[in-house]
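Heads up: the structure comes next, in structure tokens.
Protein chains in written order, with this note's numbering: chain A, 1 to 148; chain B, 1001 to 1401.
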């Protein structure tokens, strides 16, 4: 665990302003994940889409369901960030927790960007967690564009 | 779990069988042999099929090929020692006979014993010299050294048969009568053969499409899935001809067929033609195979930075490996995998089977990574494969179903 993360975990209630991360505790909150079209086969994303890449440094980017929608998250990704996406898939904070992962939002509050924390995980644990997230996201299906 | 494969095996013994006392029963063949055998060579077969105990019956051809190799080298040695002769003495070949009575433990270790011709003493003759020279030649190739000068180059071609059925993860240690010896592999065999000529023979198992059949010349053209882009010639016989004819479509390629045979390869490992065609059988699920190939072709086109600036093009070896294994897995009734490129140039195959998420990653550099996760319990299996055989991979995937 990094120093920043420890702050977010232990000091959030007493000194929120000093931590850029906010531990998400609403287990039902949806976390939208954009999946690149090259990582879709036969309608399903790869589990790689639910594991951070090297440049992510252990933080799997998501958009918070309490602050945006699947559609707005998709549009932000494709038009503002100008990146490719086949659609918004989603897991909940609780599902990530079941996979052994904590989820964080970013301060200042109101910014929909957040991340699921893989920072302490090795390959096996990351692959395991990614597969559990994939299964939950696929159960839910692509939320936008619908029918993807 | 369904039975995914079967094979016949000879049992191994912890110790060589004690020789029965010689009996005088009128001179039957067995009794003549019994008591007149002397150890000639132990071939220790390791890896792949040989690590499961016993000796696969299909590998017995290697023992016959070894005997032929010894005889061939011995003949050349004899002719070199007798430059006035054009051929060996009558009965020379028949004077050398190897028998297999024991397969010892330690992978599979057949003990080859030489039949001593009646009324003679075994000595350091051409056959023993041939065995020693074969060992020295293999040793030299392993050490990247020139062949022994006394090794008859005309005999090198005989290595085409010996080791032809070896798989990439298998080897034969030529122990002679000692406790260790040089290790003979597919690579060593290929290097030996390329010392002699420009081509070598190797077993081929692949999927192909027949595009032409010539009934008069008993040959056909087959484009192989893992082979060169163009069709190669293959001989036909009475067994294979009807099967090949059945899958020929007028003016274009017919449905895919699984073939096994012997290929002729050049020094760059390119398949030039098939020297023999043993088996031709239709592919069970041609549509799934087509979908797999389309997907593999799709990811083969990925360029540098294909994932929002990240990602390198696929490693050709990893792609070829995935192409072979994923098609072979279909013969184990494993559904077509979802296939993805990885950012470092590998290929990842994924299945969702009975509440488990399973993946196999063909990584650049020849590594295989596999993991299966029960998404309800969170339990993960991350096997370390002892070989890269399709059977072992299939067993891993099938454990999830």
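C-beta: ideal position from N, C-alpha, C; glycine also.
Exercise. Since residue 1072 of chain B is in the alpha helix (DSSP H), which residue starts that stretch and which ends it?
Worked result: 1060-1081
Exercise. Is there at least one Cβ from chain A nearer than 8 Å to residue 1308 of chain B's Cβ?
Worked result: yes
Problem set entry | Per-residue DSSP class, three states only, for residue 1177 of chain B | Looking at residue 1177 of chain B - three-state DSSP - the assignment turns out to be coil, as it is neither helix nor strand.
Problem set entry | Proximity below 8 Å, CB of residue 1255 of chain B to CB of residue 1232 of chain B | no
For this session: Report the three-state DSSP secondary structure of residue 1031 of chain B (helix, strand or coil).
Result: With a pLDDT of only 41 at residue 1031 of chain B, under 50, the local geometry of the prediction cannot be trusted, and no value is derived from it.
Exercise. Does DSSP classify residue 1334 of chain B as helix, strand or coil?
Worked result: coil
For this session: Return the chain-ordered list of same chain residues with a C-beta closer than 7 Å to the C-beta of residue 1376 of chain B, the five sequence neighbours on each side being excluded.
Result: 1355
For this session: Compare the Cα-Cα distances from residue 1147 of chain B to each of B/1187, B/1196, B/1108, B/1169 and report the closest residue.
Result: B/1196
Exercise. Along chain A, in chain order, which residues have C-beta atoms closer than 7 Å to that of residue 1340 of chain B?
Worked result: 39, 41, 46, 48
Exercise. Is it true that the CB of residue 1141 of chain B sits closer than 8 Å to the CB of residue 1191 of chain B?
Worked result: For the pair residue 1191 of chain B and residue 1141 of chain B, the CB atoms are nearer than the 8 Å cut-off.
Problem set entry | Where the segment 66-92 of chain A meets chain B: residues whose CB sits under 7 Å from a CB there | For the segment 66-92 of chain A, which is checked against every Cβ of chain B, the residues closer than 7 Å are 83, 84.
Problem set entry | Cβ-based burial, residue 1371 of chain B [other Cβ within 10 Å; buried from 16] | Around the beta-carbon of residue 1371 of chain B, 16 or more other beta-carbon atoms lie within 10 Å, marking it buried.
Problem set entry | is_contact[residue 1350 of chain B, chain A] using C-beta, thresh 8 Å | yes
For this session: Output the distance between the C-alpha atoms of residue 1132 of chain B and residue 1040 of chain B, rounded to the nearest integer angstrom.
Result: 11 Å
Exercise. Does the segment 1197-1208 of chain B come within contact of the segment 1262-1276 of chain B, defined as at least 3 CB pairs closer than 8 Å?
Worked result: yes
Exercise. What in chain B is Cβ-close to residue 62 of chain A, meaning under 7 Å?
Worked result: Those within 7 Å of residue 62 of chain A in chain B number zero; the least Cβ separation is about 16 Å.
Exercise. Does the Cβ-Cβ distance between residue 36 of chain A and residue 1344 of chain B come in under 8 Å?
Worked result: no
Problem set entry | Simplified DSSP state of residue 14 of chain A, which is helix, strand or coil | Any reading at residue 14 of chain A must be qualified, since the residue scores a pLDDT of 46, below 50, and its modelled position is unreliable; no value is offered.
For this session: Could you confirm whether any beta carbon from chain A is found closer than 8 Å to the beta carbon of residue 1371 of chain B?
Result: It does: the Cβ of residue 1371 of chain B has a partner Cβ on chain A nearer than 8 Å.
Problem set entry | Status (buried if at least 16 other CB within 10 Å, exposed otherwise) for residue 135 of chain A | buried
Exercise. Can you list, in chain order, the residues of the segment 1278-1300 of chain B whose Cβ is nearer than 7 Å to any Cβ on chain A?
Worked result: 1295
Exercise. What number of angstroms, rounded off, separates the C-alpha of residue 1382 of chain B from the C-alpha of residue 115 of chain A?
Worked result: 26 Å
Exercise. Listing by chain order, which chain A residues have their CB less than 7 Å from the CB of residue 1382 of chain B?
Worked result: 124
Exercise. The alpha helix (DSSP H) spanning residue 128 of chain A covers which residue range?
Worked result: Note, residue 128 of chain A: alpha helix (DSSP H), 123-140.
Problem set entry | Through-space distance from residue 1324 of chain B to residue 1203 of chain B, alpha-carbon basis | 15 Å
Exercise. Which one or two residues does DSSP pair with residue 1235 of chain B in a beta bridge?
Worked result: Looking at the DSSP assignment, residue 1235 of chain B forms a beta bridge with B/1219.
Exercise. Which residues in the same chain have their Cβ closer than 7 Å to the Cβ of residue 1188 of chain B, if we skip the five residues on either side of it in sequence?
Worked result: 1138, 1141, 1142
Problem set entry | Distance between beta carbons of residue 1234 of chain B and residue 1277 of chain B, contact taken as under 8 Å | Yes, they are in contact, since the Cβ atoms of residue 1277 of chain B and residue 1234 of chain B sit about 5 Å apart, within 8 Å.
Exercise. What separation, rounded to the nearest whole angstrom, lies between the Cα atoms of residue 1297 of chain B and residue 31 of chain A?
Worked result: For residue 1297 of chain B and residue 31 of chain A, the distance between alpha carbons rounds to 33 Å.
Problem set entry | Sequence-distant residues of its chain with Cβ nearer than 8 Å to residue 1037 of chain B (five each side left out) | Only 1019, 1099, 1101, 1113, 1114, 1115, 1116 meet the Cβ criterion.
Exercise. Quick one: is residue 1124 of chain B buried, meaning 16 or more other Cβ sit within 10 Å of its Cβ, or exposed?
Worked result: exposed
Exercise. In its own chain, which residues sit with a C-beta less than 7 Å from the C-beta of residue 1321 of chain B, not counting the 5 before and 5 after it?
Worked result: 1362
Problem set entry | Euclidean distance between Cα positions of residue 48 of chain A and residue 144 of chain A | 20 Å
Exercise. Assuming residue 165 of chain A and residue 29 of chain A make a contact with CB atoms under 8 Å, what is their CB distance in whole Å?
Worked result: The question about residue 165 of chain A has no answer here: the residues shown for chain A are numbered 1 through 148.
For this session: Would you tell me roughly how many angstroms separate the C-alpha atoms of residue 1352 of chain B and residue 142 of chain A, rounded to the nearest one?
Result: Their backbone Cα atoms lie some 17 Å apart in a straight line.
For this session: Using a Cβ cut-off of 7 Å, pull out every chain A residue sitting near residue 1375 of chain B, in sequence order please.
Result: 131, 132, 135
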